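Asker:
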Amino acid sequence: MLIVHTVTELQQLLQSSVEQKKSIGFVPTMGALHLGHLALARASRGQCAITVVSIFVNPTQFNNPDDLRRYPRSLKQDCNLLLATGVDIVFAPNESEIYPQPDRRRFHFGRLDKVMEGKYRPGHFNGVAQVVSRLFEIVQPTHAFFGEKDFQQVAIVRALTEQMGGRPLIIACPVVRETDGLAMSSRNALLTGVQRAHAPLIAATLVRAQAKTATTSVAALRQWVADTINADEELEVEYVEIVDERTLQPIAHWHDAQHPRLCVAVYAPPVRLIDNIDLKP
Ligand code: PAF
Numbered sequence: 032m033l034i035v036h037t038v039t040e041l042q043q044l045l046q047s048s049v050e051q052k053k054s055i056g057f058v059p060t061m062g063a064l065h066l067g068h069l070a071l072a073r074a075s076r077g078q079c080a081i082t083v084v085s086i087f088v089n090p091t092q093f094n095n096p097d098d099l100r101r102y103p104r105s106l107k108q109d110c111n112l113l114l115a116t117g118v119d120i121v122f123a124p125n126e127s128e129i130y131p132q133p134d135r136r137r138f139h140f141g142r143l144d145k146v147m148e149g150k151y152r153p154g155h156f157n158g159v160a161q162v163v164s165r166l167f168e169i170v171q172p173t174h175a176f177f178g179e180k181d182f183q184q185v186a187i188v189r190a191l192t193e194q195m196g197g198r199p200l201i202i203a204c205p206v207v208r209e210t211d212g213l214a215m216s217s218r219n220a221l222l223t224g225v226q227r228a229h230a231p232l233i234a235a236t237l238v239r240a241q242a243k244t245a246t247t248s249v250a251a252l253r254q255w256v257a258d259t260i261n262a263d264e265e266l267e268v269e270y271v272e273i274v275d276e277r278t279l280q281p282i283a284h285w286h287d288a289q290h291p292r293l294c295v296a297v298y299a300p301p302v303r304l305i306d307n308i309d310l311k312p
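Residues in the sequence shown are numbered consecutively from 32, following the working numbering.
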């Protein structure tokens, strides 16, 4: 496994693979890796000739400076974990490699980024689109792997890829969970012991909600999810939405979507956690 920090080094390493039209799998990350990231790296290893993992905490996608400051960073440990998965290249650039000039591009995703994360974290998806498009230009992957914990991000990246001409192929991988159900996230490392003990209630509530769709209206189920999570003194709901998984638009009735997806954002202050579940799998 090679670890490189500059665009020039990375492109030199990839040149022959690009020329030979080998498949290049790409897993963009912000580091603080967990088993969810490693599952993406393994999926890429299984499907592509070469796997590149990037580690870059992208400042432009943080709408809250404290969140950026607090974001966990552990490059050495991340590289050790990746070594065991057999990835070929780790690309860990500094900010000037990714943004030699300030990136002033504005992306448009129609209604996709007006809801949920887009609504509560203004500018977040523009920053994601900036860094992902830049990384795609640098790495030139044939395939890119994203986790479904960030369900809306996957939709945004698919829309971005369409705007960029259809490449790379976006592969969405299922949420990876701790044994108690908590969705794996780099932010879990920031939870206190007490918060960590309470956080599995989020996933448990999503699973219970799945069983209620036959007997509960969409509006009543949203309210029940919010009330159930808010009843825990360590957790505060930011939003609960039930959306059509294709359009990400909120639905009013179950028949409005074949696959309604329940999406939540919850604070275990100051840590913000998100999760989602297919309500009619
Ligand atoms: O999901 C993430 O970790 C980030 O949003 C991504 C895709 C690496 C872009 O910075």
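Every residue, glycine too, gets a C-beta built ideally from N, C-alpha and C.
None of the values given here were measured: they were computed from a predicted structure.
1) By Cβ distance below 8 Å, which residues in the same chain neighbour R239 in space, the five residues on each side in sequence not counted?
2) In whole angstroms, what separates the C-alpha of N125 from that of A251?
3) As an exercise, report each continuous beta strand (DSSP E) stretch of at least 3 residues that is fully enclosed by the stretch 89-138, in chain order.
4) With a cut-off of 6 Å, give the chain-ordered residues whose Cβ is closer than this to any heavy atom of the ligand PAF.
5) Using alpha carbons as the reference points, say which of L310, I308, R303, P312 lies closest to L25.
6) Using only the alpha-carbon positions, how far apart do I129 and A262 sit?
7) How many Å lie between H139 and P133 at the Cα?
8) If contacts are defined as beta-carbon pairs under 8 Å, then I187 and L143 qualify, I think. What distance do you get, rounded to the angstrom?
9) Could you check which residue in R292, Y102, L33 has the C-alpha nearest to that of E272?
10) Taking Cβ to Cβ, would you say V84 is nearer than 7 Å to V49?
11) Below 7 Å between beta carbons: does that hold for T244 and L310?
12) Could you give the distance in angstroms between the alpha-carbon of L64 and the alpha-carbon of R253?
13) What first and last residue would you give for the beta strand (DSSP E) that runs through A74?
14) In whole angstroms, what is the alpha-carbon distance linking V118 and R76?
Answerer: Considering the structure as presented:
1) The count along the sequence shown starts at 1 and reaches residue 239 at position 208. Closer than 8 Å at the Cβ level, and outside the excluded window around R239, lie T259.
2) In the sequence shown, residue 125 corresponds to position 94, counting from 1. In the sequence shown, residue 251 corresponds to position 220, counting from 1. Approximately 47 Å between the Cα atoms of the pair.
3) Here the runs fully enclosed are 120-122.
4) That query returns the following residues: P59, T60, M61, N89, Q92, V159, V162, V163, D181, Q184.
5) In the structure displayed, the chain extends from 32 to 312; residue 25 sits before or after that span and is not available.
6) What you label residue 129 is simply residue 98 of the sequence shown in a count that begins at 1. What you label residue 262 is simply residue 231 of the sequence shown in a count that begins at 1. Rounded to the nearest angstrom, the two C-alpha atoms are 43 Å apart.
7) By 1-based counting over the sequence shown, the position of residue 139 is 108. By 1-based counting over the sequence shown, the position of residue 133 is 102. Per the coordinates, the alpha-carbon of H139 lies some 19 Å from the alpha-carbon of P133.
8) Against the sequence shown, residue 187 aligns to sequence position 156. Against the sequence shown, residue 143 aligns to sequence position 112. Taking C-beta atoms under 8 Å as the contact rule, I187 and L143 qualify, at a distance of about 6 Å.
9) The residue given as residue 272 occupies position 241 in the sequence shown. Minimum Cα distance to E272 is reached at R292.
10) In the sequence shown, residue 84 corresponds to position 53, counting from 1. In the sequence shown, residue 49 corresponds to position 18, counting from 1. Cβ atoms of V84 and V49: not closer than 7 Å.
11) The residue given as residue 244 occupies position 213 in the sequence shown. The residue given as residue 310 occupies position 279 in the sequence shown. Against a cut-off of 7 Å, the Cβ pair of L310 and T244 comes out as a contact.
12) Translated into the one-based positions of the sequence shown, residue 64 becomes position 33. Translated into the one-based positions of the sequence shown, residue 253 becomes position 222. Going by the C-alpha atoms only, they are around 32 Å apart.
13) Residue 74 sits at position 43 when you count from the first residue of the sequence shown. Note, A74: premise wrong, no beta strand (DSSP E); alpha helix (DSSP H) at 66-78.
14) Locating residue 118 in the sequence shown gives position 87, counting from the first residue. Locating residue 76 in the sequence shown gives position 45, counting from the first residue. Whole-angstrom Cα-Cα distance: 7 Å.
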